[in-house]
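S.K.: Residue numbers for the sequence shown follow our numbering, so the first one is 32 and each next one is one higher.
Ideal Cβ positions, reconstructed from N, Cα and C, are used throughout, including at glycine.
Before I ask anything, let me first share the structure, which is written out below as structure tokens.
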Amino acid sequence: MSRRRSEHRFGSEHRKRATVQSAFFSCCAKRGNTEKNRDRRDYRDHRDRGDRNSYRKQAFSRDLRLIPAFGLVLALSLLLFSLIRDRSLPGARKGGGSAAVRAELLAKQYDYDGALAVLQAEPGFSESSSMRRLAERIQREKESCVPYPPDQVPHIFFHTLIVDTDLAFDGDSKQDGYNQVMTTIPECRSILEELYQRGYVLVSLHDLCEPAQDGTVRLKELLLPEGKTPIVLSQDDVSYYHYMEGDGFARKLFVNSDGKVKNLYLDAKGQTLTGDYDLVPLLDSFVEKHPDFSYHGHKGILALTGYEGVLGYRTDEVYLTREQDRVTAYQQQFFDTHPDFDWQKELEEASQTASAMRENGWEFASHTWGHINPERAGLEGLRRDTQRWKTYVAPIVGETDVMIFAFGADIGGYMPYTHDNELFNELKSQGFSIFCGVDASVPYWVQVGSDFFRQARRNLDGYRMYYNPELVSDLFDARSVFDKSRPLPVPEM
Ligand SMILES: [Zn+2]
């Protein structure tokens, strides 16, 4: 394994001097031409300081009235009557549950207009006093919301989560990298729980800004109940790269028979298990239990490369063409051990999975096809790479206007992008308007131009929790979250 350092631009130049480093594994055997350079395994970036934020847990106050016994009986009868009638109304149960149930869920996720629209679309709405009361309550909740500045929103990210720490920390050459840049499942669960308890609410980048057809970008108004703090969540490299096999990570995401997205996982004994073995299903389950953790049902955004496919599916063209000088040792081993591999089928399953995820509040960003640093790759390299992402990734996950740079790299310093920047012009011409680098030194870093939105991300991994617990104290208590099974010290970068 070799490790490389790279200076990250915006962390270092504005406030606080901050060295942002990146480390990635380079454990692929065959290399030697430019094609091979893409097969460096991943990873990324970071560093620095931060503090901030007070939160107030807020609870809605609801009217509780003393009702005389007679009134109570009458109210119950009316409720029963309206329930029976609601059930018999045409379309009332579509979308799983009565209109009232669906409206309640939408309102819990701060989509008050959506909730009111569901109720008002019901044929029996004006005659149903229970529905009208519900609508009034939702209207009051809506009116009590306050705007949150979209340029003060933090953004956190994870890599693929470690399921089995014995396998990940088994002393091989990849152990140190995992220890630095990965997060374990128990850590992730505790972090989500604590974020939720502290009043954080997951929002999409597209809740903060709106890129228009003509390339301009405007900020959006974000309304939340007082005391709630919006936060963006991303996850990088959800490809389940070949090199991770046998190291205690999930193998892929797939849609199960209930239509839910779950992971396939092979445990240490070789048993195939399905369940919540990475962030996507884990968070889906969490939001099912706590719908108010998600704004309008939005969950997170996955930053995907393409060189070994996406979401655990080997969908890149090289798995089809098997071009001699492009096939890596890992890929050759994959072909040797999967003689029945069917590229078309792989593509279909990946597409089904991605579309189920989109429906369920997930979005996708480019992490560049080859996990490249655009400034190192240069204009031609970036153009070729973007073309590949658009040809072999976008058809599966959909077009995106979000670029989440690999290595915490960027295409410029902390000053706003200008049109003198040819890398920026190139990415703009390819439809990108939202750009994310890494800077964990501050709770949030957002820069808004007339045609771009930039937001820095904070890594929540072994390195950060071990060396800078104070930098995440606004989000969670790193000392209680930190997984005791990590080998110590977490190696320095
Ligand atoms: Zn990455």
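Report the rounded CA-to-CA distance for LEU502 versus TYR227, giving the unit in angstroms.
M.R.: Here residue 502 refers to the residue found at position 471 when the sequence shown is read from its first residue. Here residue 227 refers to the residue found at position 196 when the sequence shown is read from its first residue. Answer to the nearest angstrom: the Cα atoms are 18 angstroms apart.
S.K.: If TYR406 and ILE435 are in contact, beta carbons under 8 angstroms, what's the gap, nearest whole angstrom?
M.R.: Looking up residue 406 in the sequence shown gives position 375. Looking up residue 435 in the sequence shown gives position 404. It should be noted that the sequence gives Glu, not Tyr, for residue 406. That belief does not hold up - the Cβ atoms of GLU406 and ILE435 are roughly 16 angstroms apart, past 8 angstroms.
S.K.: Out of curiosity, what's the CA-to-CA distance linking MET275 and GLN418?
M.R.: The sequence position of residue 275 within the sequence shown is 244, counting from 1. The sequence position of residue 418 within the sequence shown is 387, counting from 1. Spanning the two alpha carbons is a distance of roughly 27 angstroms.
S.K.: Quick one: Cα of LYS515 to Cα of ASN452, how far?
M.R.: If you number the sequence shown from 1, residue 515 lands on position 484. If you number the sequence shown from 1, residue 452 lands on position 421. Those two C-alpha atoms are separated by around 46 angstroms.
S.K.: Considering only heavy atoms of ligand 1, does any lie closer than 7 angstroms to the CB of ASP267?
M.R.: On the sequence shown, position 236 is the one that residue 267 refers to. Under cutoff, so the answer is yes.
S.K.: What three-state label does DSSP hand PHE366 in the structure shown?
M.R.: On the sequence shown, residue 366 is found 335 positions in, with the first residue counted as 1. PHE366 falls in the helix class under three-state DSSP.
S.K.: Where does SER481 land, buried or exposed, given buried means 16+ other C-beta within 10 angstroms?
M.R.: Locating residue 481 in the sequence shown gives position 450, where the first residue counts as 1. The residue is exposed, with fewer than 16 neighbouring Cβ atoms inside 10 Å.
S.K.: Tell me which residue opens and which closes the beta strand (DSSP E) that TRP374 is part of.
M.R.: Numbered from its first residue, the sequence shown carries residue 374 at position 343. TRP374 -> not in any beta strand (DSSP E); alpha helix (DSSP H) instead, spanning 374-390.
S.K.: At the level of alpha carbons, what is the spacing between GLU38 and PHE513?
M.R.: Here residue 38 refers to the residue found at position 7 of the sequence shown. Here residue 513 refers to the residue found at position 482 of the sequence shown. Any answer about GLU38 is weak, because its pLDDT of 30 lies below 50 and its placement is not dependable; what the coordinates show is given next. Distance between the alpha carbons of GLU38 and PHE513 is about 27 angstroms.
S.K.: If you run the structure through DSSP and keep just helix, strand and coil, what is SER235?
M.R.: As a first step, residue 235 is located in the sequence shown; it is residue number 204 there, counting from the start. SER235 falls in the coil class under three-state DSSP.
S.K.: Is any heavy atom in ligand 1 found nearer than 7 angstroms to the beta carbon of HIS186?
M.R.: In the sequence shown, residue 186 corresponds to position 155, counting from 1. No, since every heavy atom of ligand 1 falls outside the 7 angstroms radius drawn around the Cβ of HIS186.
S.K.: Are at least three pairs of beta-carbons, each pair with one atom in the region 355-362 and one in the region 370-381, less than 8 angstroms apart?
M.R.: They do not touch, by the three-pair rule.
S.K.: Would you identify the three-state DSSP class for HIS402, choosing helix, strand or coil?
M.R.: If you number the sequence shown from 1, residue 402 lands on position 371. It is coil, neither helix nor strand.
S.K.: At a cut of 8 angstroms, does the region 172-183 reach the region 472-480 through at least three beta carbon pairs?
M.R.: Yes: the two stretches touch, three or more of their Cβ pairs being nearer than 8 angstroms.
S.K.: Are the CB atoms of LEU236 and ILE332 within a distance shorter than 8 angstroms?
M.R.: Looking up residue 332 in the sequence shown gives position 301. Looking up residue 236 in the sequence shown gives position 205. It is a contact, given that the beta carbons lie within the stated cut-off.
S.K.: VAL177 to TRP393, Cα distance in whole Å?
M.R.: In the sequence shown, residue 177 corresponds to position 146, counting from 1. In the sequence shown, residue 393 corresponds to position 362, counting from 1. Roughly 25 angstroms separates the two Cα atoms.
S.K.: Let me know the secondary structure DSSP gives TRP393 once reduced to three states.
M.R.: Taking the first residue of the sequence shown as position 1, residue 393 is located at position 362. It is a strand residue.
S.K.: Have a look at LEU239, GLY306, ALA243 and flag the residue whose alpha-carbon is nearest the alpha-carbon of LEU295.
M.R.: In the sequence shown, counting from the first residue as 1, residue 295 sits at position 264. For LEU295, the nearest C-alpha among the options comes from GLY306.
S.K.: Pull up the distance between the alpha-carbon of SER270 and that of VAL212, whole angstroms please.
M.R.: Along the sequence shown, one-based indexing puts residue 270 at 239. Along the sequence shown, one-based indexing puts residue 212 at 181. The straight-line gap from Cα to Cα measures roughly 16 angstroms.
S.K.: Unbroken beta strand (DSSP E) runs of length 3 or more, entirely within the region 292-346: which are they?
M.R.: Whole beta strand (DSSP E) segments, 3+ residues: 292-297, 303-306, 331-335.
S.K.: To the nearest angstrom, how far is the alpha carbon of THR260 from that of LEU254?
M.R.: What you label residue 260 is simply residue 229 of the sequence shown in a count that begins at 1. What you label residue 254 is simply residue 223 of the sequence shown in a count that begins at 1. THR260 and LEU254: Cα-Cα distance of roughly 10 angstroms.
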